[in-house]
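Trainee: Numbering (the numbering used here), first residue to last: 2 to 188.
#1: Whole angstroms is fine: what's the gap from residue 113's alpha carbon to residue 129's?
#2: Residue 145: buried (16+ other C-beta within 10 angstroms of its C-beta) or exposed?
#3: Thinking C-beta only, is residue 62 closer than 8 Å to residue 107?
#4: In chain order, what residues of the same chain have a beta carbon less than 8 Å from the beta carbon of residue 142, not counting five sequence neighbours either side?
#5: Can you say whether residue 75 is buried or exposed, counting buried as having 16 or more other CB atoms within 10 angstroms of its CB?
#6: How is residue 146 classed by DSSP in three states: helix, strand or coil?
#7: Inspect the beta-carbon positions of residue 125 and residue 164 and report whether they are closer than 8 Å.
#8: Closest by CA to residue 151, which one among 179, 81 and 161?
#9: Would you grab the beta carbon distance between residue 68 and residue 53 for me? Rounded to a whole angstrom, and I think it's under 8 Å.
#10: From residue 90 to residue 161, what distance separates their C-alpha atoms?
#11: What do you get for residue 136, buried or exposed, if any count of 16 or more other CB atoms within 10 angstroms of its CB means buried?
#12: Taking the CB atoms as reference points, tell me whether residue 184 and residue 155 lie closer together than 8 Å.
#13: What does the Cβ neighbour count give for residue 84, buried or exposed, with the cut at 16 atoms within 10 Å?
#14: Counting along the chain, where does the beta strand (DSSP E) carrying residue 180 start and finish?
Printed below as a string of structure tokens:
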């Protein structure tokens, strides 16, 4: 899910990503807070540990912080990003760690276990996937221009689509335009 405050994301998504000389490049964004790996306590089992972070750095964006609860995954992030603040609990990230509007992009994914079709489908009411509400709190506190959210396709059908609707409505109420795509991770 890609959301942008104050724009029609379906129309204006090109303002963040542009095609230039045959290469896809991100427009300059000064500061990024990665919550992707923080919220997923099983991040060390994922193939993308630090993937968003690395992509943003390669696009010239400064990563200002990463968050990860798992100790093994933290060690990977420390090696990959030695000069970046590492937070071990998403509940400790927000205006206490970053000034309001100091972060242009918040990129992250909250745990999928309660949303996945392989799980028990507790949805956003579940203990793990319910960390969406911490992600939302951080967005409220920091007011970034852009938000990139990743999760499993099961989010679309969790609670007959009501969980996805909660996220979409929450973002829209804050003035964000929303676009989403399901991507096959094997490519």
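Note that beta-carbon positions come from the ideal geometry of N, C-alpha and C, so glycine has one too.
Mentor: This is what the structure holds:
#1: 7 Å
#2: Buried, since its Cβ has 16 or more Cβ neighbours within 10 Å.
#3: no
#4: 95, 96 and 101
#5: Residue 75 comes out buried.
#6: coil
#7: A contact, by the Cβ cut-off of 8 Å.
#8: 179
#9: Between residue 68 and residue 53 the beta-carbon gap is near 12 Å, outside 8 Å, which marks them as no contact.
#10: In a straight line, the C-alpha of residue 90 is about 30 Å away from that of residue 161.
#11: When all chains shown are included, residue 136 counts as buried.
#12: It is not a contact, given that the beta carbons lie outside the stated cut-off.
#13: exposed
#14: 177–180
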